[in-house]
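K.L.:
Letter by letter, the sequence shown follows residues 476 to 656 of the numbering used here.
Glycine included, each C-beta is placed from N, C-alpha and C at the ideal position.
Okay, handing you the structure first.
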Amino acid sequence: MADLVRLSKFMSLMLRHKAADFGLSLDENGFTDIDTVWEQITLKYGTQYTRADLDALLSQTEAGKQRYERVGTRIRALYGHSGVREIKYEAVQPPEILYHGTTPEALKSIREEGLTAQQRQYVHLSTHTERAVNVAGRHGKAIILNVRAKDAHDAGLEFYHPEPQHYLVKAVPIAFIDFPE
Ligand code: HQG
476 MADLVRLSKF MSLMLRHKAA DFGLSLDENG FTDIDTVWEQ ITLKYGTQYT
526 RADLDALLSQ TEAGKQRYER VGTRIRALYG HSGVREIKYE AVQPPEILYH
576 GTTPEALKSI REEGLTAQQR QYVHLSTHTE RAVNVAGRHG KAIILNVRAK
626 DAHDAGLEFY HPEPQHYLVK AVPIAFIDFP E
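Pasting the structure below:
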């Protein structure tokens, strides 16, 4: 059975973080040519993966989370970008409340400056607390912050919705964050 987690991590490196290092040029929505991506996969892994493995990865959702999208001959990462050109999304109306999973270590700084994108292009918010707990769990003990997204939107912040479980925003000022006691 092909190791799709390893393939996904390599795709993430190419499509979210270091496209230019792999000769990939992303358009402003993050799309690039799937054949060029495939060439890089075979360059790195030889015959370990088949195109069917790539197709399997693209149609895979992990607990409802979709990382990549293919449209015709183009492919992109849907969120999570860091070292590449700024990815543009269409602004949407967010729900009343969104969630952000973070760690106790980050709390002091978030209380002072709000949520900021850190290494990435956007702050990632979750539609459900379970997802936010998983996101935070990658870094350590989970602290869940409630973001009053509708109020923030009404005050002029733009929200984006790249895939069903995520919303993105450039930053969230403290006025729209409910902190735990
Ligand atoms: C924290 C995964 C200090 C923030 C997940 C987080 C996600 C601050 C960390 C996606 C801060 C950034 C993104 C501030 C925020 N001061 N720390 N002002 N503002 N932080 O990994 O949201 O599995 O860049 O709380 O599912 O953890 O890769 O972002 O702890 O959706 O598909 O700075 O990555 O998706 O960490 O995760 P990250 P994230 P994949």
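Quick one: any contact between the stretch 516 to 524 and the stretch 547 to 558, if contact means 3 or more CB pairs under 8 Å?
P.N.:
Because the criterion of three Cβ pairs below 8 Å is not met, the stretch 516 to 524 and the stretch 547 to 558 do not touch.
K.L.:
According to the neighbour-count rule (16 or more other Cβ atoms, all chains shown, within 10 Å of its Cβ), is residue 603 buried or exposed?
P.N.:
Flag for residue 603 reads exposed.
K.L.:
Alpha carbon to alpha carbon, how far is residue 686 from residue 531?
P.N.:
The requested residue 686 does not occur in the structure, where the chain is confined to residues 476 to 656.
K.L.:
Report the three-state DSSP secondary structure of residue 581 (helix, strand or coil).
P.N.:
Residue state, collapsed to three classes: helix.
K.L.:
Measuring only from the beta carbon, is residue 500 closer than 7 Å to any heavy atom that is part of ligand 1?
P.N.:
No, the beta carbon of residue 500 sits no closer than 7 Å to any heavy atom of ligand 1.
K.L.:
Please report how far the alpha carbon of residue 497 lies from the alpha carbon of residue 509, in whole angstroms.
P.N.:
Roughly 13 Å separates the two Cα atoms.
K.L.:
Unbroken alpha helix (DSSP H) runs of length 4 or more, entirely within the stretch 482 to 532: which are they?
P.N.:
Qualifying alpha helix (DSSP H) stretches, in chain order: 509 to 520.
K.L.:
Distance, Cα to Cα, residue 573 vs residue 623?
P.N.:
Looking at the two C-alpha atoms, the distance is approximately 7 Å.
K.L.:
So within the stretch 550 to 620, which uninterrupted beta strand (DSSP E) runs reach at least 3 residues, ignoring any that extend past its ends?
P.N.:
List check, beta strand (DSSP E) in window: 572 to 577 and 598 to 601.
K.L.:
Could you name the residues of the same chain whose beta carbon sits closer than 6 Å to that of residue 614, not counting the 5 residues immediately before and after it, in chain order?
P.N.:
Contacts found: 578.
K.L.:
Considering only the alpha carbon of each residue, which of 504, 480 and 485 lies closest to residue 596?
P.N.:
Of the candidates 504, 480 and 485, the one whose C-alpha sits nearest the C-alpha of residue 596 is 504.
K.L.:
Within the present structure, is the beta-carbon of residue 578 separated from the nearest heavy atom of ligand 1 by less than 7 Å?
P.N.:
Residue 578 Cβ: within cutoff of ligand 1.
K.L.:
Quick one: using the 10 Å Cβ neighbour count with 16 as the cut-off for buried, is residue 526 buried or exposed?
P.N.:
Residue 526 should be labelled exposed.
K.L.:
Can you tell me whether residue 542 sits near ligand 1, meaning its C-beta is under 7 Å from at least one heavy atom of the ligand?
P.N.:
Checking the Cβ of residue 542 against ligand 1 gives yes.
K.L.:
If you measure between the beta carbons of residue 732 and residue 524, is that distance less than 8 Å?
P.N.:
Residue numbering for the chain in the displayed model covers 476 to 656; residue 732 lies beyond these limits and cannot be assessed.
K.L.:
Tell me the DSSP secondary structure of residue 643 in three-state form.
P.N.:
Of the three classes helix, strand and coil, the one that applies to residue 643 here is strand, per DSSP.
K.L.:
Helix, strand or coil for residue 653 per DSSP?
P.N.:
Residue state, collapsed to three classes: strand.
K.L.:
Comparing the CB of residue 593 with every heavy atom of ligand 1, is any distance shorter than 7 Å?
P.N.:
It does: the Cβ of residue 593 is within 7 Å (strictly closer) of some heavy atom of ligand 1.
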